[in-house]
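Residue numbering for the sequence shown follows our numbering, starting at 911 and increasing by one per position. Please read the structure below before turning to the comments.
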Amino acid sequence: MVVLVDRTGDPIGVEDKAAVHGVSTPRHLAFSCHVVDRRGRLLVTRRALSKRTWPGVWTNSFCGHPAPGESFEEALSRRSRFELGLSIDRITCAVPDFAYVARDASGIEENELCPVFIARATSSMAPNPAEVAQTQWTTVAELTTAIDSAPWAFSPWLVEHFPELAPHIAEHIAEAGFYD
């Protein structure tokens, strides 16, 4: 189930996730998360080729939808374990008002109010192959260059939110003492 929201972000109902995502998708609540490690590296993932939307594109560390009544922190921890087999902490909302509409090559539309989070990895990874084809640790500078050079290789939500997010990643790393 996903939480449907109005233009201001207020919940207006719930709907089955599979029924919501189609050629005319109502706005719903989602999240995007960028994971950094203790060395200050940023994790990007390549979506599995079996994914219904945007298969094979590179994107943020993981994303998903909070269930009705579930906090973002609970949803982020749940989804991180499911997609990456990864435990996280120091979860911070860096871009709270990010929203986007995008249409996949298959015709499926995304229409999400999608706050963007940063979190720290606290365990090793065991990616779920049904969700993740590849993982790569990188830097903000390297990812910025890659997105600028080949935006078509990345998810539309990453391309759209990364310029606003990038400065927050460096601040988050420095403030949280990730280099311990």
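From the three backbone atoms N, C-alpha and C, an ideal C-beta is built for every residue, glycine too.
Quiz item: So, is G923 buried or exposed, given that buried needs 16 or more other C-beta atoms within 10 angstroms?
Solution: exposed
Quiz item: Do G950 and I1057 have their C-beta atoms closer together than 8 Å?
Solution: no
Quiz item: What number of angstroms, rounded off, separates the C-alpha of S1065 from the C-alpha of A1036?
Solution: Near 22 Å, if we compare the C-alpha coordinates of A1036 and S1065.
Quiz item: Roughly how many whole angstroms lie between the Cα atoms of A940 and S971?
Solution: One C-alpha to the other measures close to 14 Å.
Practice problem: Compute the distance between the beta-carbons of V1125 and E993, then report whether it is under 8 Å. | Solution: Any question about residue 1125 goes unanswered here, given that the chain covers just 911 to 1090.
Quiz item: Since E1020 and A1012 are thought to touch, with beta carbons under 8 Å apart, how far apart are those beta carbons, to the nearest angstrom?
Solution: 5 Å
Practice problem: Going by DSSP, name the residue or residues bridged to P976. | Solution: DSSP lists no partner for P976.
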